[in-house]
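Have a look at the structure below, then the notes.
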Amino acid sequence: MSAQPPDVPRPMIGRNAARAWLIGTQVVMAVLLIFWLPLAGLSVMAFDAPQSPDDPWPMLFVGSIWSWPPVAFVFSLVAWMLCWRHGRNTLAVVITTLPLVFPLAFGLVLLLRS
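Below, the structure written as structure tokens:
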């Protein structure tokens, strides 16, 4: 018999599977930082256009590029706290996967444009 009472729902994702997913996604994010560094350095060239002082898009572009590592770090930290302290494994998996959406979308745009 199960140790849990029958009215308590079982988690959709087990703790070990959630931890493996958290570790895997954070390894992927660490590898993506290698590609992020040159992209971040080149992103400031968005301000070289003559109309860039009046245009908000270069600032939004550079801000979105440069904000990815802190956002990924905060989301990873929150995901580990949810998984470790509160046992919210499914939510932790979703939260740690969210920072990967931007690099995957950026890579998809690069593939479709070439």
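Position one of the sequence shown corresponds to residue 85 (our numbering), numbered consecutively onward. For each residue, glycine too, the CB sits at the ideal point set by N, CA and C.
In the DSSP assignment, find the unbroken alpha helix (DSSP H) run with residue i in it and report its ends.
i       : result
Met-113 : 99-127
Pro-187 : 185-197
Pro-153 : 152-165
Gly-176 : This sequence places Ala at residue 176; Gly is not what is there. Taken as a continuous stretch (DSSP letters only), the alpha helix (DSSP H) holding Ala-176 covers 173-181.
What's the gap between the Cα of residue i and the Cα of residue j?
i       : j       : result
Val-112 : Val-146 : 22 Å
Ala-130 : Leu-144 : 10 Å
Phe-157 : Val-115 : 14 Å
Gly-171 : Gln-135 : 51 Å
Arg-197 : Gly-191 : 10 Å
Arg-103 : Val-177 : 8 Å
Pro-187 : Ala-133 : 25 Å
Can we count residue i as close to the ligand ADP, meaning its CB is less than 7 Å from some heavy atom?
i       : result
Arg-169 : By its list of ligands, the structure shown contains no ligand whatsoever, and the ligand ADP lies outside what it can speak to.
TODO: Could you say if the segment 146-157 and the segment 120-128 meet the contact criterion of at least three C-beta pairs nearer than 8 Å?
DONE: yes
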